[in-house]
Amino acid sequence: MTEYRRIRGKVVVITGGARGIGLATALRLRSFGAKIAIGDVDETAVKQSGTDHDFEYYGRLDVTDQQSFSTFLDDVEREVGPVDVLINNAGIMPTGRVVDESDALTRRIIDINVYGVILGSKLALARMLPRRSGHVVNIASLAGESHIPGLATYNATKHAVLGFTDTLREEYRGTGVSFSSVLPTLTKTELGSGVAAPRIMPAAEPEQIAAAIAKLVVEPKAKVRVTALAGAIAQVVGLLPQSVGDAIGRSLGSQQTFLGDVDSASRKAYEDRVRGGTE
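Taking full-length UniProt numbering, the leading residue of the sequence shown gets 1, the next gets one more, and so forth.
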């Protein structure tokens with residue numbers, strides 16, 4: 001545990017930090033002495049999580065709004081200190097066939113999952129580059145290295161996050177600012193509610209993702225896949241001929257995991273919240 005001492009005192013900002021992977025990560029990093037600031041568009045939830053866990057800073061944050069994001073970071077730096085780590089975690093995952101997806105919902109997914117990551121990274125860079133120090137961690141998904149029916153737009157956004165983060169890593173090499181992507185498998189959070197994990201790839205606990213992020217903060221690297229088994233399977237399948245890889249995916253249940261096999265009743269509360277009146 002000695003290496004985790006490097007986390008102590010770091011100012012860490014986490015978007016989408018009121019619940020799920022974001023909150024689990026906040027608690028993990030707090031346990032090693034980080035100063036935590038969580039932002040979330042759900043003002044009630046972020047206030048509850050912030051006060052329950054006595055984080056250094058918490059508040060409403062709309063990652064799709066430049067003024068909201070910039071003001072949030074300014075407030076954190078004024079009240080807590082210069083941001084050492086930004087974790088762009090906010091994201092949504094509505095399920096269903098793309099032909100049934102309204103244009104408003106498509107725009108919402110892209111705005112949160114892609115534009116929010118790009119905006120946050122730019123704002124963090126502007127603060128970190130003059131100090132020649134900082135770390136931007138973007139939460140992608142194993143969906144960013146695959147193609148899953150029922151998640152077409154979500155898949156596209158996570159492919160975008162991976163490409164964007166890899167490009168920044170090269171563009172700012174040698175500046176003192178690091179960039180990392182985290183690729184979780186299906187995780188037991190509200191985002192994955194009502195969805196059964198594919199065969200042989202059990203869903204991860206949010207604490208597993210949080211543990212991987214903590215390791216990245218200690219020792220930055222380009223990518224980390226969680227779980228290791230799911231990541232290995234995704235990488236192997238990606239190297240196979242398309243017809244073989246697709247057949248393996250179907251055999252694991254990918255064809256219906258996010259379509260016919262979804263428990264709509266269990267997922268309704270999440271879908272209603274993230275769609276935000278776009279249907």
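Cβ coordinates follow ideal geometry from the N, Cα and C atoms, glycine included.
Legend entry - Among ALA90, LEU123 and ALA126, nearest to ILE109 - alpha-carbon criterion: ALA90
Inset, instruction - Using alpha carbons as the reference points, say which of ASP52, VAL46, HIS53 and ASP54 lies closest to ARG60. - result: VAL46
Inset, instruction - Using three-state DSSP, classify PRO130 as helix, strand or coil. - result: helix
Legend entry - Cβ-based neighbour list, THR106, same chain, cut-off 6 Å, excluding 5 preceding and 5 following: THR153
Legend entry - 4 or more residues per run - each alpha helix (DSSP H) lying fully within the region 41-106: 43-53 and 66-79
Inset, instruction - Take GLY81 and list the residues in its own chain whose beta-carbon comes closer than 6 Å to its own, dropping the five residues that flank it on each side. - result: VAL11
Inset, instruction - May I have the straight-line CA-CA distance separating GLY134 from VAL83, to the nearest angstrom? - result: 7 Å
Inset, instruction - Per DSSP, which residues does ILE38 bridge with? Please list them. - result: ILE14 and TYR58
Inset, instruction - Within 10 angstroms of the Cβ of PRO130, are there 16 or more other Cβ atoms? Answer buried if so, exposed if not. - result: exposed
Inset, instruction - Using alpha carbons as the reference points, say which of GLN256, GLY39 and ILE36 lies closest to ALA196. - result: GLN256
Inset, instruction - Work out the CA separation of SER251 and ALA24 for me, nearest whole Å. - result: 32 Å
Inset, instruction - List the whole-angstrom C-beta distance separating SER141 from ALA234, where the pair is believed to meet the contact cut-off of C-beta under 8 Å. - result: No, SER141 and ALA234 are not in contact; Cβ-Cβ is about 10 Å, not under 8 Å.
Inset, instruction - Would you list the residues sitting across from HIS135 in a DSSP beta bridge? - result: VAL85 and SER178
Inset, instruction - Count the other CB atoms, across all protein chains shown, that sit within 10 Å of the CB of LYS219; report buried if there are 16 or more and exposed otherwise. - result: Going by the sequence as given, residue 219 is Glu instead of Lys. Flag for GLU219 reads exposed.
Inset, instruction - Taking all protein chains shown into account, decide if LEU125 is buried (16 or more other Cβ within 10 angstroms of its Cβ) or exposed. - result: buried
Inset, instruction - Please report how far the alpha carbon of THR187 lies from the alpha carbon of ALA210, in whole angstroms. - result: 11 Å
Inset, instruction - Give me the Cβ distance between GLY17 and ASP40, rounded to the nearest whole Å; I'm assuming they're in contact under 8 Å. - result: 6 Å
Inset, instruction - With a cut-off of 8 Å on the beta carbons, I'd call ALA214 and PHE32 a contact; round off their distance for me. - result: 7 Å
Inset, instruction - Please name the residue in GLY249, LYS158 and THR95 whose C-alpha comes closest to that of GLU271. - result: THR95
Legend entry - Cβ distance (whole Å) where VAL161 is taken to contact VAL114 below 8 Å: 7 Å
Legend entry - Backbone CA spacing between VAL98 and ASN155 [nearest angstrom]: 11 Å
Legend entry - Best match in GLY174, VAL217 and SER70 for proximity to VAL137 [C-alpha to C-alpha]: VAL217
Legend entry - Other residues of its chain near PHE139: CB distance less than 6 Å, five sequence neighbours each side excluded: Residue identity differs from the one stated: residue 139 is Ile in this sequence, not Phe. Here the set comprises ASN89 and VAL182.
Inset, instruction - Quick one: residues in its chain with C-beta nearer than 7 Å to the C-beta of LEU123, no 5 flanking neighbours on either side, listed in chain order? - result: PHE69, SER70 and LEU73
Legend entry - Where the alpha helix (DSSP H) containing LYS158 begins and where it ends: 152-171
Inset, instruction - Indicate whether THR227 and SER102 have their beta-carbon atoms separated by less than 7 Å. - result: no
Inset, instruction - Report the rounded CA-to-CA distance for PRO198 versus ASP75, giving the unit in angstroms. - result: 42 Å
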